[in-house]
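**Q** Residue numbers (our numbering), protein chains in the order written: chain A, 317 to 545; chain R, 84 to 214; chain U, -9 to 400; chain B, 1066 to 1342.
Backbone N, C-alpha and C fix where the C-beta goes; we use that ideal spot for every residue, glycine too.
Take a look at the following structure, please.
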């Protein structure tokens, strides 16, 4: 379980996070929703200790993040983070060199699943393929938690579909996933849990099925209520 | 398998209903293996946990059964299957009646229209089969 | 391993390159110029007391400094960084004092002129000043005095603000002497008088018990009222001598075209008297070596094949009979020489490749080894005669330039 | 430890092409230089002897013998060194900033490696440092080779032969990069390493606090330099106390180690707690 406890963050004078609290369980897909600039990426960065938080704490399976934790949690940012001049093979080798949890078999599987050519340079890949390669590098790790920042934004429909397929596949099974999006549409039925962010706080925190069952509302209905009401 | 999900209704409920329809329509035969939770999730592009929930619900209702580690199968229990069929018909009729009543059409007229429509649809189906 | 080839490549480049550079001398037969004393007469033991420092130029751009003491040689290029840092070739007298009085010597000027030593104490005096940016000259002159008693290691130190300081532009300590409980500091003071620079010696008398300045006296100046034009004033003392006598001796020479008279003048600190030593003019033209500890002057004069050393006792105010020694015919009165009195022996080293008074590009004659004569001043006899000859090819090809001669303290 | 070596190799690899270009340029320029310098000298000699009718000896007396020093003072020798120095100085900053400002923000990947982040610091510092030392070592070989080339080019009577270490003693420029004794070498480059650490820390301060950090960073460099220089100021310039040379050296080394260690410690803290992508 990833526990985010009351974290605050300022950028200059702007208070981006004003005490955000939520949890993300293993085996569930938690979705951080909010309009752009609400601090979704900042939360993911904070979980990965890529940006300092002013207050609050973040625990991963009850512990603070340590260097070794990176073998058990991976973050797939919205843009690929390997050097453009590397080929896919080289970037896979790079990951393999440092991560004990790198699963080469799964990497090869993903390679064929996404139909990527391993000899291609990262810089020469299309947007969709870059996103897939990015996903590949994260998913080929045998980690407990996967964080994804806007995995669907700015890519073509077919790639979106392929990526969406990942969420229902064994690649995600039993892992804890946190994804961020500013547009729920496509993935409404893929997620377990929604964390609605607005103005630096968590507005609402719910399981999608529970809301549908108890209130007969879609996620968008809830969002509309929360943001407009 | 393709379902157009309603966003406001729990997905698992819709999945269960879908299975019931399939059973009632004999698309799924008694004793037939159903897809694994992951397969179905992938096919329907929904969360595997939701499928899990749906399967659990179906199991409780006796629609499917699981033996040891084998894949789940559609029940062979005729009684249950009968209930499903009836439930489905009743659901459809309920819905129909509610709609029709609001238009305030006499029952006789409705029955006639239903008859004609039913026969014509069957005839159309027959023609299609010939092609 | 091949996965780390770039790291390997760069590290190997570094290790081999730097290794080659710093171990090169060990592998390469680099020949140091070697010299040896060739005895002609006497006993070479006396050479162990003297340290000859010379600069060797072998035609390349790199010179080498060498120190020769008896059989021992020290080459500047062969010193380690730490030896250089700690001044392995520096003034030995000061080094010795630093070892003995580490705390006392800390931060002190490394010049023997500032020190006085006897059985009772070690005394130090220095002039401190501050740069006055508004007037573009040194100001705030003060005398810094520090003594350490040898009996109980007790140190006293005090500052004395100097009187008449507006007159001076610069001050430098020439000599420090202690007589009884009084400390005498002789300074060379530079000043501007009517826009003309002038230099004079001043003697400051300090009461050590009360830590007070008793008097300030003007002693010798390069401008005297009865002298036409300027005169040159040279303090006669030995650099290695820490125990000065109660006399201050200077050689003066008038710089007027018509009047170039030389005078040997003395000031008796105890009697507070200044007078001119009465000597024949031709004696004054000779080189004077002052042995102030012994209160004796030695007049040195070379003639063809003969050297005469004439002692003059200050107390008796009279010339003794000259000591006469046969020397090489190659030496004449103009041959460049270095003198030093160590343990009552006069060391005379003649640089056979250069001459005094010759200016410009005199052709450098290589390969004439320096000649050394050691004369026992008490026994009035020659103790050693010999030359410093090049021993190997490197030395033969090099030019050997004597820099100075010190007492060897090691 | 393993990841430190991997990262170092990786960092080296990212600049290695440029590094080889620098090495190549230095070799080419300096070898051309020794040929150019000796040709020029021989031309002068020929003119003097055949046209102006000077004797060989007279020419040699007038012009002096040619030696490697003529070469080390030429632009051919100095320009590539200056280029390497400037390039590596710039790269000292670039080695960090490229990870943030590059096309794919690689710093995400680097900071998420399952290893102590200070290894990044060490890997980058080692990279800069080992490249500098590699170039210095290259210079040793080049001086040696230039000596051989000079011998080919110029008749030996016109030549003053010099070994590699003699060149370093005689040439001020060479002496700055290759001091006479190994102790000095260690001290020079130890100081160099300390300044690399100081600048790296300054970069990390800027990267952690951005605009505000820029001021802190400049302040940090100033303070670290002041602390390192404090002995020189306190004892030599202001004369507050005096030290014997050996004491000074030991204290200076201790201060250097303290400054370096605190720099590394501060960087460790910044990388684990304050760094931001």
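Label residue 110(R) either buried or exposed according to how many other C-beta atoms from any shown protein chain fall within 10 Å of its C-beta, with 16 as the threshold for buried.
**A** Here residue 110(R) refers to the residue found at position 27 of the second chain. Residue 110(R) comes out exposed.
**Q** Does the beta carbon of residue 152(R) sit closer than 8 Å to a beta carbon anywhere in chain A?
**A** Locating residue 152(R) in the second chain gives position 69, counting from the first residue. At a cut-off of 8 Å between beta-carbon atoms, residue 152(R) makes no contact with chain A.
**Q** Excluding the 5 residues preceding and the 5 following residue 169(U) in the sequence, name in chain order all residues of the same chain whose CB lies nearer than 8 Å to its CB.
**A** Working through the third chain from its first residue, we reach residue 169(U) at position 179. Counting only Cβ-Cβ distances below 8 Å, and skipping sequence neighbours, we find 236, 259 and 260.
**Q** Starting from residue 104(R), trace the alpha helix (DSSP H) in both directions and tell me its first and last residue.
**A** Position 21 of the second chain holds residue 104(R). From DSSP, the alpha helix (DSSP H) with residue 104(R) extends over 94 to 107.
**Q** According to the neighbour-count rule (16 or more other Cβ atoms, all chains shown, within 10 Å of its Cβ), is residue 533(A) buried or exposed?
**A** Taking the first residue of the first chain as 1, we reach residue 533(A) at position 217. It is buried - the Cβ of residue 533(A) has at least 16 other Cβ atoms within 10 Å.
**Q** Suppose you measure from the CA of residue 337(U) to the CA of residue 37(U); what does that come to, to the nearest Å?
**A** Translated into the one-based positions of the third chain, residue 337(U) becomes position 347. Translated into the one-based positions of the third chain, residue 37(U) becomes position 47. Going from the Cα of residue 337(U) to the Cα of residue 37(U) covers about 9 Å.
**Q** Could you check how far apart the C-beta atoms of residue 365(U) and residue 304(U) are, in whole angstroms? I think they sit under 8 Å.
**A** Here residue 365(U) is taken as the residue at index 375 of the third chain, counted from 1. Here residue 304(U) is taken as the residue at index 314 of the third chain, counted from 1. Actually they are not in contact, since the Cβ atoms of residue 365(U) and residue 304(U) sit about 20 Å apart, beyond 8 Å.
**Q** Using CA atoms only, rank isn't needed, just tell me which of 326(A), 318(A), 319(A) and 317(A) is closest to residue 516(A).
**A** For this step, residue 516(A) is matched to residue 200 along the first chain. With distances taken between Cα atoms, residue 516(A) lies closest to 326(A).
**Q** Since I believe residue 94(U) is in contact with residue 146(U) (beta carbons under 8 Å), could you give me their beta-carbon distance rounded to a whole number of angstroms?
**A** Counting from 1 along the third chain, the entry for residue 146(U) is found at position 156. Counting from 1 along the third chain, the entry for residue 94(U) is found at position 104. 11 Å between Cβ atoms; not a contact.
**Q** Figure out for me which residue from 416(A), 447(A), 373(A) and 428(A) has the closest Cα to the Cα of residue 1178(B).
**A** Within the fourth chain, numbered from 1, the residue matching residue 1178(B) stands at position 113. Checked all of 416(A), 447(A), 373(A) and 428(A); the closest Cα to residue 1178(B) is 416(A).
**Q** For a minimum of 3 consecutive residues, which ranges assigned as the beta strand (DSSP E) are wholly contained in the region 457 to 484 of chain A?
**A** 461 to 465
**Q** Chain B partners of residue 444(U), CB-CB under 9 Å?
**A** In the structure as shown, chain U begins at -9 and stops at 400. Residue 444(U) is therefore absent and cannot be evaluated.
**Q** Using the beta-carbon of each residue, which ones in chain C are nearer than 8 Å to residue 398(A)?
**A** Absent from the structure is chain C; the protein chains it does hold are A, R, U and B.
**Q** Would you decide whether residue 341(U) is buried or exposed? Buried here means 16 or more other CB atoms lie within 10 Å of its CB.
**A** Translated into the one-based positions of the third chain, residue 341(U) becomes position 351. The residue in question, residue 341(U), is buried, as its Cβ has 16 or more Cβ neighbours within 10 Å.
**Q** State the Cα-Cα distance for the pair residue 221(U) and residue 362(U), rounded to the nearest angstrom.
**A** Here residue 221(U) refers to the residue found at position 231 of the third chain. Here residue 362(U) refers to the residue found at position 372 of the third chain. Approximately 33 Å between the Cα atoms of the pair.
**Q** Checking contacts by CB at 8 Å: is residue 1(U) closer than that to chain B?
**A** Locating residue 1(U) in the third chain gives position 11, counting from the first residue. By this cut-off, residue 1(U) is an interface position.
**Q** Measure the C-alpha to C-alpha separation of residue 1326(B) and residue 1196(B) and round it to an integer number of angstroms.
**A** Mapped onto the fourth chain, residue 1326(B) falls at position 261. Mapped onto the fourth chain, residue 1196(B) falls at position 131. Computed Cα separation, rounded: 22 Å.
**Q** For the alpha helix (DSSP H) that contains residue 174(U), what are its first and last residues?
**A** One-based indexing of the third chain puts residue 174(U) at position 184. From DSSP, residue 174(U) is part of no alpha helix (DSSP H) but of the beta strand (DSSP E) over 172 to 183.
**Q** So if I threshold CB-CB distances at 9 Å, which residues from the region 479 to 495 of chain A count as touching chain R?
**A** 480, 481, 483, 484, 485, 486, 488 and 489
**Q** Using C-beta distances below 6 Å, list every residue in its chain close to residue 196(U), excluding the 5 sequence neighbours before and after it, in chain order.
**A** Here residue 196(U) refers to the residue found at position 206 when the third chain is read from its first residue. Within the same chain, residue 196(U) has close Cβ partners 173 and 203.
**Q** Do you know offhand how far residue 179(R)'s Cα is from residue 99(R)'s?
**A** The residue labelled residue 179(R) in the question sits at position 96 within the second chain. The residue labelled residue 99(R) in the question sits at position 16 within the second chain. Taking the straight line joining both Cα atoms gives about 21 Å.
**Q** Please classify residue 1115(B) as buried or exposed, where buried requires at least 16 neighbouring CB atoms within 10 angstroms.
**A** Numbered from 1 along the fourth chain, position 50 holds the residue referred to as residue 1115(B). So residue 1115(B) counts as exposed.
**Q** In the DSSP assignment, find the beta strand (DSSP E) that holds residue 380(U) and state where it starts and stops.
**A** Within the third chain, residue 380(U) is the residue found at index 390, counting from 1. Element bounds for residue 380(U): 371 to 380.
**Q** Please list, in chain order, the chain A residues whose beta carbon lies closer than 7 Å to that of residue 1068(B).
**A** Walking along the fourth chain from the start, residue 1068(B) turns up at place 3. Those within 7 Å of residue 1068(B) in chain A are 414.
**Q** On the premise that residue 505(A) lies in contact with residue 129(R), defined as a C-beta separation below 8 Å, what is that separation, rounded to the nearest angstrom?
**A** In the second chain, counting from the first residue as 1, residue 129(R) sits at position 46. In the first chain, counting from the first residue as 1, residue 505(A) sits at position 189. About 4 Å; that satisfies the 8 Å criterion.
**Q** If you follow the alpha helix (DSSP H) that residue 518(A) is part of, which residue opens it and which one closes it?
**A** The count along the first chain starts at 1 and reaches residue 518(A) at position 202. Residue 518(A) -> not in any alpha helix (DSSP H); beta strand (DSSP E) instead, spanning 517 to 523.
**Q** Pick out whichever of 514(A), 523(A), 330(A) and 458(A) has its Cα sitting closest to the Cα of residue 385(A).
**A** Against the first chain, residue 385(A) aligns to sequence position 69. When each option's Cα is compared against that of residue 385(A), the closest is 458(A).
**Q** Are the beta-carbon atoms belonging to residue 1336(B) and residue 1192(B) less than 8 Å from one another?
**A** The count along the fourth chain starts at 1 and reaches residue 1336(B) at position 271. The count along the fourth chain starts at 1 and reaches residue 1192(B) at position 127. Going by C-beta atoms, residue 1336(B) is not nearer than 8 Å to residue 1192(B).
**Q** Looking only at its own chain, which residues have a Cβ that is under 6 Å from the Cβ of residue 394(U), when we skip the five neighbours before and after it?
**A** Within the third chain, residue 394(U) is the residue found at index 404, counting from 1. Around residue 394(U): 43.
**Q** Between the region 317 to 335 of chain U and the region 276 to 295 of chain U, are three or more C-beta pairs nearer than 8 Å?
**A** Yes: the two stretches touch, three or more of their Cβ pairs being nearer than 8 Å.
**Q** Is the shortest distance between the beta-carbon of residue 1339(B) and the beta-carbons of chain A less than 8 Å?
**A** Here residue 1339(B) refers to the residue found at position 274 of the fourth chain. Interface residue, yes.
**Q** Terminal residues of the continuous beta strand (DSSP E) containing residue 284(U)?
**A** Mapped onto the third chain, residue 284(U) falls at position 294. Here residue 284(U) belongs to no beta strand (DSSP E), and DSSP marks it neither H nor E.
**Q** Return the bridge partner residues of residue 39(U) from the DSSP annotation.
**A** Your numbering for residue 39(U) matches position 49 in the third chain. DSSP lists no partner for residue 39(U).
**Q** For the region 1200 to 1220 of chain B and the region 1088 to 1098 of chain B, state whether three or more C-beta atom pairs, one from each stretch, are separated by less than 8 Å.
**A** yes
**Q** Quick check: residue 460(A) and residue 342(A), are their CB atoms within less than 8 Å of each other?
**A** What you label residue 460(A) is simply residue 144 of the first chain in a count that begins at 1. What you label residue 342(A) is simply residue 26 of the first chain in a count that begins at 1. Yes, Cβ-Cβ distance for residue 460(A) and residue 342(A) is below 8 Å.
**Q** Could you spell out where the alpha helix (DSSP H) holding residue 1110(B) opens and where it closes?
**A** Along the fourth chain, read from residue 1 onward, the residue named residue 1110(B) stands at position 45. Per DSSP, residue 1110(B) belongs to the alpha helix (DSSP H) from 1067 to 1111.
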